[in-house]
Amino acid sequence: MMLSGKNVVLGITGGIAVYKSAELCRLFIKAGAKVRVVMTEAAKAFVTPLTFQTLTGSPVYDQLFIGSERFSVEHVGLAQEADLIVIAPATANTIGKIANGIADNLLTTTVMAAKCPILLAPAMNTQMYDNPFHLANLERLQNFGYAVVGPDQGELACGDTGRGRMSSPQEIFAAACRLLLRKEAWQGRRLLVTAGPTQEALDPVRFLTNHSSGKMGYAIAQAAAELGADVTLVSGPVTLPQPYGVDFVSVTTAQEMYEAVLACFSNMDVVVGAAAVADYRPGTVSEQKIKKSGELIISLTRNPDILAALGRMKQRQILVGFAAETENLREHALAKLERKNLDLIVANDLTQPGAGFGTDTNIVTLYFRDGRERQLEKLPKREVAIMLLEEINALLTAAEEEN
Ligand code: C5P
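Each residue of the sequence shown is one higher than the one before, counting from 278 in the working numbering.
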């Protein structure tokens with residue numbers, strides 16, 4: 278069976294869509310998963326735990342504290358055991374709590390203790406869904422790597438029509454399977470990601486850099502780690518939180534990034550160069566702060582091209598580069614693919630709104646060594662990361678089958 282050996286925690290919060298959760302629970306069980314159901318108090322007002330107890334053949338979890346004295350560590354156990362947590366329906370209240378680090382019941386504490394992927398199926402009235410606080414909470418969670426399925430448009434239980442219907446059990450189940458099974462594909466694969474800008478000192482207080490935020494590279498590193506890969510992230514200076522579950526190497530200059538990457542390259546299966554590496558650095562770094570006087574001419578020295586160096590050295594590794602361009606995107610991207618001996622290049626046009634530096638979305642075209650091209654629509658960087666990783670995985674599998 279497709280999901281045998283998989284542990285799913287099904288979190289149920291208090292919304293009328295809860296009647297669909299029983300069907301979702303059945304789908305998991307029929308596919309061979311072990312399902313633990315956690316219900317909030319509000320959920321129990323809609324449906325009794327007995328329904329889920331009967332479907333799963335085990336008790337429903339709903340108590341954070343058992344008895345008045347003993348503190349239960351149920352949430353830690355549930356979180357550790359889970360391969361996936363699915364919250365369906367996910368109310369605005371629970372989404373808001375999780376997004377803001379509140380853990381005040383068994384479900385929210387389990388989520389806080391979890392390392393596995395988490396899938397939310399929001400369900401609520403349209404006005405609540407469109408409330409800016411709710412939308413900001415949901416976006417925040419997505420940026421932290423939470424997966425979201427739905428909601429659909431349509432008639433709601435309260436009589437309104439609009440966004441807010443929970444996705445169908447089949448749709449939620451499919452999204453859950455993608456998360457559960459994708460992980461296997463990346464187990465044991467070693468992936469190195471470079472991200473962020475580099476800083477090239479001019480003097481003790483000034484440096485040359487660029488607008489890279491690191492968001493794309495961090496999204497790739499985080500998604501790959503969640504999919505089960507062993508990820509090393511070599512990052513220039515950014516303000517993002519370190520992704521969970523990756524080996525993190527912090528660097529400042531292009532030369533440091535080059536050395537860090539070369540030190541581990543031979544162990545890697547894939548390298549994704551998402552960093553915006555400075556092509557030049559000041560030829561000399563002044564020991565003292567440079568004082569103003571007349572014209573200042575700075576001479577620049579070339580930095581090593583990290584990906585090009587890897588392209589010359591590569592044996593079996595898949596090399597993926599980025600091309601951020603302001604003109605002739607396709608031409609420049611294809612030239613880089615060739616020049617750096619890459620297997621795939623991800624090109625984005627910096628002049629398009631919603632693409633490139635600092636944004637949470639990206640609009641990219643993938644160019645493959647074999648001549649294939651794939652254009653992706655405007656997507657959150659995390660979605661771009663997942664699609665890119667699927668393509669890389671296909672390249673890895675094809676290379677393995679060849680050998
Ligand atoms: O040649 P260009 O800098 O436009 O190429 C961009 C790609 O090459 C990116 O993937 C970037 O991470 C990588 N690169 C590098 N070392 C450099 C410059 C760029 O690895 N010195």
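All C-beta atoms, glycine included, are put in the ideal place defined by N, C-alpha and C.
Determine the burial state of alanine 601: buried for a count of at least 16 other Cβ atoms within 10 Å of its Cβ, exposed for fewer.
buried
Give the list of continuous alpha helix (DSSP H) stretches no shorter than 4 residues that lie fully inside the stretch 438-506.
The qualifying runs are 446-463, 492-503.
Applying the criterion that 16 or more other CB atoms from any shown protein chain within 10 Å of the CB defines a buried residue, is aspartate 620 buried or exposed?
buried
Helix, strand or coil: how does DSSP classify glutamine 652 here?
strand
For the putative contact between alanine 400 and glycine 292, defined by C-beta atoms under 8 Å, what is the C-beta separation to the nearest angstrom?
5 Å
Given glycine 282, which residues of its chain have a CB within under 6 Å of its CB, disregarding the five upstream and five downstream residues?
none
Within the present structure, is the beta-carbon of glycine 633 separated from the nearest heavy atom of the ligand C5P by less than 7 Å?
no
Within the same chain, show all residues whose beta-carbon is closer than 6 Å to that of proline 474, passing over the 5 residues directly before and after it, in chain order.
Thr486, Asn487, Ser489, Gly513, Ala553
Closer than 7 Å: isoleucine 595 CB and nearest the ligand C5P heavy atom
no
The ligand C5P and alanine 551: does the residue's C-beta get closer than 7 Å to at least one heavy atom of that ligand?
yes
Heavy atom of the ligand C5P less than 7 Å from the Cβ of phenylalanine 645, yes or no?
no
If we count Cβ pairs, one from each stretch, closer than 8 Å, do we get three or more for the stretch 495-508 versus the stretch 519-526?
yes
CB of isoleucine 497 to nearest heavy atom of the ligand C5P: below 7 Å?
no
Nonlocal neighbours in the same chain, by C-beta distance under 7 Å from proline 336, ignoring five residues either side
Gln330
Please state the DSSP three-state secondary structure of glutamate 346.
Low confidence applies here, because glutamate 346 scores a pLDDT of 41, under 50, leaving its location unreliable and the question unanswered by this model.
Within 10 angstroms of its Cβ, does glutamine 404 collect 16 or more other Cβ (buried), or is it exposed?
exposed
Reference leucine 517, options Ala472, Pro446, Ser445, closest by Cα:
For the set Ala472, Pro446, Ser445, the Cα lying nearest the Cα of leucine 517 is the one of Ala472.
Distance, histidine 352 Cα to isoleucine 375 Cα:
14 Å
Between which two residues does the beta strand (DSSP E) carrying lysine 311 extend?
311-316 is the span of the beta strand (DSSP E), which, as asked, contains lysine 311.
Would you say leucine 653 faces chain B, with C-beta separation under 8 Å as the test?
Among the chains in the structure shown there is no chain B, since it carries only a single protein chain.
Looking only at its chain, what residues have a beta carbon closer than 8 Å to the beta carbon of methionine 545, apart from the 5 residues adjacent to it on each side?
Arg467, Leu468, Leu469, Thr509, Gln594
Check asparagine 580 in the structure and name its three-state DSSP category.
Note: asparagine 580 maps to coil in three-state DSSP.
Could you tell me the distance, in whole angstroms, from the CA atom of tyrosine 296 to the CA atom of alanine 586?
57 Å
Does the distance from the CB of glycine 560 to the CB of leucine 577 come in under 8 Å?
yes
Go ahead and pull the three-state DSSP assignment for valine 528.
coil
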